[in-house]
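Numbering (this note's numbering), first residue to last: 0 to 277.
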């Protein structure tokens, strides 16, 4: 599978930087750009004061719809000025269901891109990440501030832990990996057992990639008491990686939010562009 449709999600109040970034990736890959403009509706008032604030709430929703239409019109104008094939759709959605709406839209794209502007919007970021990862079955590309993302990277680092999520990320990234100069398959504190990494950690995954023509090197790294995310960040620097590929949410979202984890850490502070899947 190649990346032929790339989705970008935006909202009222955001600018066009992320859309231009996604358009650049589409030009590079010869892909179609799909833009989804989502308006997030505040929940309806409940309780003793519902009757008092309902009118104000209704007026706010009307303003939301006007903002959504204005943003959609702006995006339509921007896309019309670009040379890439594109389309735009919009939806006004309750906050509680916005992730599912985004996930449904992402099912019809090969990749969703979340740029630095959207990453700075906590509400939109959370809904896009959870929508794509939990409701679309497709990969997500996080692009931090200052990064120069490419869908034709020369050096790629893959975080491998032998779980289903890692396998999904590996499969989703194959269109990129087969074109790279070198892929570093990184294992942190790998366990040699049949239920973990096998007798030779990383060997099976490396063989799988090699059969696709990927030039792969296996790096088995000790954490030495450091967080796994910190080890991966340093290795990304040491290998001059342009892209990090990893599985997302090997543990539940609730556990990640309470105790933290590699996924949460990378979402909060991606060192380079990160392609996630689960």
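Here a beta-carbon is modelled for each residue, glycine too, at the ideal position from N, C-alpha and C.
{"Query": "Give me the residue from 157, 4, 126 with the minimum Cα distance to residue 97.", "Result": "126"}
{"Query": "Closest to residue 269 by C-alpha separation, out of 115, 190, 123, would be which residue?", "Result": "115"}
{"Query": "For the stretch 115 to 139, list the beta strand (DSSP E) runs that are entirely contained and at least 3 residues long, ordered along the chain.", "Result": "none"}
{"Query": "On a Cα-Cα basis, can you pick out the residue from 4, 122, 191 that is closest to residue 87?", "Result": "4"}
{"Query": "Can you check which of these residues, 120, 143, 102, is closest to residue 132 by C-alpha distance?", "Result": "102"}
{"Query": "Is DSSP giving residue 27 helix, strand or coil here?", "Result": "helix"}
{"Query": "In whole angstroms, what is the alpha-carbon distance linking residue 12 and residue 78?", "Result": "18 angstroms"}
{"Query": "Mapping DSSP to helix, strand and coil, what is residue 111?", "Result": "strand"}
{"Query": "Taking its Cβ as the centre, do 16 or more other Cβ atoms sit within 10 Å of residue 128, making it buried, or is it exposed?", "Result": "buried"}
{"Query": "Using the Cα positions of residue 257 and residue 264, report the straight-line distance between them to the nearest angstrom.", "Result": "Bear in mind that the predicted position of residue 257 carries a pLDDT of just 39, short of 50, making it too unreliable to give a figure here."}
{"Query": "List the endpoints of the continuous alpha helix (DSSP H) containing residue 232.", "Result": "227 to 237"}
{"Query": "Any idea which residues DSSP pairs residue 5 with across the strands?", "Result": "32, 110"}
{"Query": "Tell me the DSSP secondary structure of residue 78 in three-state form.", "Result": "helix"}
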